[in-house]
Structure formats: structure tokens, C-alpha cells
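Engineer:
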Amino acid sequence: MKNTRTIGVLTSGGDAPGMNACIRAVTRAAINEGWTVQGIYRGYEGLMDGEIRELTTESVSNMIQRGGTFLKTARSKDFMTEEGRQKAYENLVKFGINALIVIGGNGSLAGAEALAAEHDIPVIGLPGTIDNDLYGTDVTIGYDTALNTIVECVDKIRDTATSHNRIFFVEVMGRDAGFLAQNSAIAAGAEAAIIPEDKTDIDQLSTFIGRGIRKSKNSSIVLVSEKDGGAMHYAERMRKEYPQYDVRVSI
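Structural data, given as C-alpha cells:
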């Protein structure tokens, strides 16, 4: 990044806890090096529309503890076209931005890669997604917070499940990756986790839950990744198998 004096930063795709802290860190570190930082609002949509304003040390104050992203975010179909990326690049040039930092998930970073390949501008991708599904990254921005939030919720659901002899299917994020479902199930002591990486045998799951019921287990909780059939599907099957139990879904 030699001779770079103005950098742009944007958040794209789904928001994740820690994005504001990341924007703050990028801004203050860059200003400390004598660079100017331009905040790009509404992700790639805002980049194409020129929604760009300078960030200062003061403008990122009191952001570190806030959730979401104060730069806003959006999903952009237009940016997936060469014409859209050309328009985005023209705005980078217009605002004197010499390098771009993109905070987002796999789709956002794929867009960043395409922009860098087509135009002569350094682009840095920072992994920001609660799904934790970016290759080569141990823990993405937002994953740990999301995991802890799920565990807290499951602890409270367990209280009700135990009080009423209920089976709960708790659906969590993770379209193509089961990190949240699997690890929150382990941390919360759930009975099972249904994840996209492993084909779920509904009969086997039913037998497993039934074994606990026969041992007088008074509650069961199953974590379900959002894409793997959906919690409603599994709950419906369990209602038929065990009508004596109150089967609920929490999403």
C-alpha cells in the first residue's frame, strides 16, 4: 500500500457483532498513520451511488460497544455485474480512494476479489459473518458473540422445556455451515445438532430422543442450522412420534 493516503471502508451483506469495533479500529489506525478514511454507506450499493463521507476519530467515538454497523449495509445485485463494479471504481477514483477495505462474509469478499481483479486498486477483505464459514479463518468477526447469544437463549429455553416436558427445536443461522448449531449445542448441553455438513437421519434422531424419554428425561433441545430442512420439518415429525410431548420451535 505504498503511497496510499486515502482508504475507503464499507460493510456488506449481513451485519455481524463487532463490525463497528472493526470500523473504529481501521479508522483510528489509518488516521494515526496520516491517512484519510472515507466511510462508504450501504455497502456496495452506497459505493455505486456515491454515498461516501469522511470518517474522523470523533465520528467513530462510542461505536465500539454498539451492535450492527453504523455504516449500514446492503446486498447488491448490480455490483455483481461488470457495469456495477465499473461504476463503483469510478466513485473510488472520484473520491480519491486509493485502497478499499471490505468487511463482510463470503459473498462480500467474492465481490471484493472481483473488483480487485478488474481494476488497479488494492482491496483488503476482513471476515465479518456470524456463520464462521470463511476458509482460512479460525474465528470470524461476530461469530463468538453470536455463539454466546445462542447459548444464553438456549439456557432460558431449557428452563421452560424442563418445566413443561417439552422438546424444542432451535433454529440458528448457518446456511451452508454448521459451526453455530454444532458448537452452541455442545456449549449448552443440547441433545443433538442438525447441520448441513452431515445428512440427518430423521429416524435415528427420533430414536435417540425417544431413548431419553424412556429414561424419564423431561426435556430435549435440538439445534438446527437454518438450511438443513428447517426446524419446522423436524418438529412436525417429532409431534407424530411422541404426541405425549409438547414439541415447540424457536427461530
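Each number in this note's numbering comes from the position in the sequence shown (counting from 1) with 253 added on. Don't be surprised by glycine CBs; every beta carbon is placed ideally from N, CA and C.
Quick one: grab the DSSP three-state call for S416.
Structural biologist: Collapsing the DSSP output to three states places S416 in a helix.
Engineer: If we call anything under 8 Å between Cβ atoms a contact, is I374 one with V500?
Structural biologist: Inclusion of I374 and V500 in the CB contact set at 8 Å is not warranted, their separation being larger than that value.
Engineer: Is the CB-CB distance between A341 and L308 below 8 Å?
Structural biologist: no
Engineer: Applying the criterion that 16 or more other CB atoms from any shown protein chain within 10 Å of the CB defines a buried residue, is Y498 buried or exposed?
Structural biologist: Its Cβ being crowded by 16 or more others within 10 Å, Y498 is buried.
Engineer: Pick helix, strand or coil for K255, following the three-state DSSP scheme.
Structural biologist: With a pLDDT of 48 at K255, under the threshold of 50, the modelled position of that residue is not reliable, and no figure is offered here.
Engineer: Measuring CA to CA, which of T259, V392, G296, R338 is closest to V355?
Structural biologist: G296
Engineer: Is the region 466-483 touching the region 409-418, taking contact as three or more C-beta pairs under 8 Å?
Structural biologist: yes
Engineer: Using CA atoms only, rank isn't needed, just tell me which of D429, V290, I293 is closest to D451.
Structural biologist: D429
Engineer: Applying the 10 Å Cβ sphere with the 16-neighbour rule, what's the burial state of M254?
Structural biologist: Because M254 carries a pLDDT of 42, less than 50, the predicted location of this residue cannot be relied on, and no value is offered for it.
Engineer: DSSP state of A327, grouped into three classes?
Structural biologist: coil
Engineer: Have a look at G395 and S361 and give me their C-alpha separation to the nearest angstrom.
Structural biologist: 15 Å
Engineer: Got a sec, what are the start and stop residues for the alpha helix (DSSP H) I466 sits in?
Structural biologist: 455-467
Engineer: Please return the same chain residues whose Cβ sits closer than 7 Å to the Cβ of L345, not counting the five positions on each side in sequence.
Structural biologist: G261, L353, I374
Engineer: Given 8 Å as the limit, is there contact between the region 283-290 and the region 264-275, that is, 3 or more CB pairs closer than that?
Structural biologist: no
Engineer: Please give me, in chain order, every unbroken run of the beta strand (DSSP E) with length at least 3 that falls completely inside the region 370-444.
Structural biologist: For the region 370-444, whole beta strand (DSSP E) runs of length 3 or above, ordered along the chain, are 376-380, 419-425.
Engineer: Express the C-alpha separation of M426 and V376 in angstroms, rounding to a whole number.
Structural biologist: Rounded to whole angstroms, the gap between the alpha carbons of V376 and M426 is 28 Å.
Engineer: State buried or exposed for T453, treating a residue as buried only when at least 16 other CB atoms are found within 10 Å of its CB.
Structural biologist: buried
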